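Notes follow the structure.
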Amino acid sequence: MKKRILLCFLAILGLSIACKEEGKADYLPESVGAMNTLTVVIDNDLWNSSVGDAIRENYTAAAQGLTWDEALFSVTQIPQQIFSGAIRNTSSILYVMEDTLNVAHMKSNMYAKPQKVGVIKGHNKEELIENIHKTAEEFIAAYKALEIDKAQKRFEKSLNKEKALEDKFNISLKIPSIYRVGREEDNFVWIDRQIQKGNMNIIAYTMPWDSFKNDSTFVQDIVKMRDSIGGLYIGGEDVPGKKNHMITEKAFSPYVFPAEVSGKKAAEVRGIWEMSAYPMAGPFLTYIINDKENNRKLVLEGFVFAPATKKRDYMFELEAILKSVQFNVGEEKN
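Just so we're aligned: the sequence shown equals residues -20 to -1, 1 to 314 in mature numbering (1 follows the signal peptide of the UniProt record, and there is no 0).
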């Protein structure tokens, strides 16, 4: 009997704590901050030492697949003394300090929501640097996931309602209404938006399920696929004696990573596109998704043309759109 009473008490206590935590989250202010910004809370002396160097090495490293070097994050450093008020409401925070503890962990929604606060403490600089390097990959992934989620929620305020993707491929993407369908073919959809100095583009098509069987030629096969699609659908103004169309940059192979999109295994490809007969180029991001249920590979790609303009945040918006893909949307309505 006493055991049952104890178990009931613990259950009630757990429920009470959960409700308090949920209630706390309900009253938190909305987080603020521009896309891909990181607030680093650290004393000036540490920031200007080898500890700050370790932070910069990891968090301001060049983002992959851009036409010129742009940092992963735009970093703002502030000392602990002024970390108060509205500053605490920024969405991505890295808190670094010397302490009696040697710990490194990520916390959620400490001062605002949604929010990620990476906490790194150590007895000395050596421990801080070790913890910074050890957690960088995990923390960067958490900050990026938060930004993706925030972006997708912003898109939902005004979505493109065109049905080309649903009609052709039975999929949906959270695409802002500023984008427009520019071209439809039997196995190809091109959606784009105009920006100040160029355009942002999304294309979708499918490949047979048994494509890319040979691991040893995987990258080369991806390049062939992209170049073939470019030749068919993404042309430019021809020059005398040459057909001009989009191809994968010849000088360097694209980066290829394993990924997961909408719960399905995928390959993530980042690199530079160029035109075959004209000096024009920009970054691209491709997801080749294993859609086994529909016996196909679904290919989603975003690419940007914006000469003499920073492109990191444009590419991040496209990444957020592509990662919002949902499958078999027509069946869900039936």
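Using N, Cα and C, we set each Cβ at its ideal position, and we do this for glycine too.
Since this is a predicted model, take the numbers as computed values, not measurements.
For L8 and D201, the gap between their C-alpha atoms comes out near 49 Å. Within its own chain, the residues whose Cβ lies closer than 6 Å to the Cβ of N140, once the five positions on either side in sequence are excluded, are I155, S157, Y159, listed in chain order.
Burial state of R292 is buried, judged by a 10 Å Cβ sphere holding 16 or more other Cβ atoms. Per DSSP, reduced to three states, the secondary structure at A144 is helical.
Between N270 and K245, the gap from beta carbon to beta carbon is short of 9 Å.
Beyond the five residues adjoining it in sequence on each side, F149 comes within less than 7 Å, by CB distance, of A184, T186, L278 in the same chain, given in chain order. Here R276 is buried: its Cβ has 16 or more other Cβ atoms, across all protein chains shown, within 10 Å. Here DSSP, grouped into helix, strand and coil, assigns V55 to strand. Of the other Cβ atoms in all chains shown, fewer than 16 fall within 10 Å of the Cβ of F232; this residue is therefore exposed. Assigned with DSSP and collapsed to three states, W27 falls in helix. A distance below 8 Å between beta-carbons, with the five flanking residues on each side excluded, links T47 to the following residues of its chain, in chain order: I252, A261, G262, P263, K291. For E248, the pairing in a beta bridge is given by DSSP as F237, Y267.
Here N194 carries a coil assignment [DSSP, helix/strand/coil]. A straight line joining the alpha-carbon of L145 with that of L153 spans about 8 Å. Per DSSP, the unbroken alpha helix (DSSP H) holding R134 starts and ends at 105 to 135. By the Cβ-count criterion, G210 is buried, with 16 or more other Cβ atoms from all chains shown falling within 10 Å of its own Cβ. Going by beta carbons, L108 and L18 fall outside the 9 Å limit. The residues P94, Q95, K96, V97, in chain order, have a CB closer than 8 Å to that of S88 in the same chain once the five nearest residues on each side in sequence are set aside. Residue pairing for S152: DSSP places it in a beta bridge opposite Q306. Counting along the chain, the unbroken beta strand (DSSP E) around G98 starts and ends at 96 to 102.
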